[in-house]
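Asks: I'd like to ask some things about the structure below.
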Amino acid sequence: MSAYEKAMRPEDITRLFVERSNAGDAAGVADLYEEDAVLAYPPGSQTVGREAIRELWSKVLAGRPRFSPEEPLPTLISGDIALTSTPPKDGSGARAQVVRRQADGSWLRVLDQPEFVPPGRS
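Numbering-wise, the sequence shown is residues 1 to 122 according to the numbering used here.
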């Protein structure tokens, strides 16, 4: 059983991601994903599964990047599935995640697209 705070609203995941990333906690970041989640990162590839996501974030967080909270766009919810998104502060496009409500009422990421670049930009 995880000792981490659970996301009880879909929007909580973004806040928890920022807190855990800034603390250098790759396991805590990975805990925000379902076991078979798909992360579209690094750009142009996919990282599949919670353990692979933890390994990826371990490498990324080793450089001690700092993340700032981004104001979420309105969440779309249909039953136990939700779409969350944020416009990045750096103007780099958009971020979007599909999250699913778990049996305990918490939410976890299923699909994560952290970087969208508008057509014509590279």
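All C-beta atoms, glycine included, are put in the ideal place defined by N, C-alpha and C.
Could you name the residues that DSSP lists as bridge partners for Val29?
Replies: In the sequence shown, counting from the first residue as 1, residue 29 sits at position 29. Looking at the DSSP assignment, Val29 forms no beta bridge with any residue, so it has no partner.
Asks: To which residues of the same chain is Asp112 closer than 6 angstroms at the C-beta, ignoring the five residues directly before and after it?
Replies: Working through the sequence shown from its first residue, we reach residue 112 at position 112. Taken in chain order, the residues that qualify are Leu39 and Gln97.
Asks: What's the C-alpha gap between Arg64 and Gly24?
Replies: Position 64 of the sequence shown, counted from the first residue, corresponds to residue 64. Position 24 of the sequence shown, counted from the first residue, corresponds to residue 24. Cα-Cα distance, rounded: 7 angstroms.
Asks: Quick one: grab the DSSP three-state call for Leu73.
Replies: In the sequence shown, counting from the first residue as 1, residue 73 sits at position 73. In the structure shown, Leu73 sits in coil (DSSP, three-state: anything other than H, G, I, E or B).
Asks: Leaving out five residues before and five after Gly91 in sequence, what residues of the same chain have Cβ atoms less than 7 angstroms from its Cβ?
Replies: Locating residue 91 in the sequence shown gives position 91, counting from the first residue. None.
Asks: Output the residue ranges of the alpha helix (DSSP H) runs that lie fully inside the segment 33–75 and measure 4 residues or longer, sorted by chain position.
Replies: 50–62
Asks: Could you please give the first and the last residue of the uninterrupted beta strand (DSSP E) stretch that includes Ser85?
Replies: The residue given as residue 85 occupies position 85 in the sequence shown. That run of the beta strand (DSSP E) goes Ile81 to Thr86.
Asks: Three-state secondary structure (DSSP) at Arg20?
Replies: As a first step, residue 20 must be located in the sequence shown, where it is residue number 20. Reduced to three states, the DSSP call for Arg20 is helix.
Asks: Provide the residue span of the beta strand (DSSP E) that contains Pro114, from first to last.
Replies: Reading the sequence shown from its first residue, position 114 is the one you call residue 114. Trp107 to Phe116 is the extent of the beta strand (DSSP E) around Pro114.
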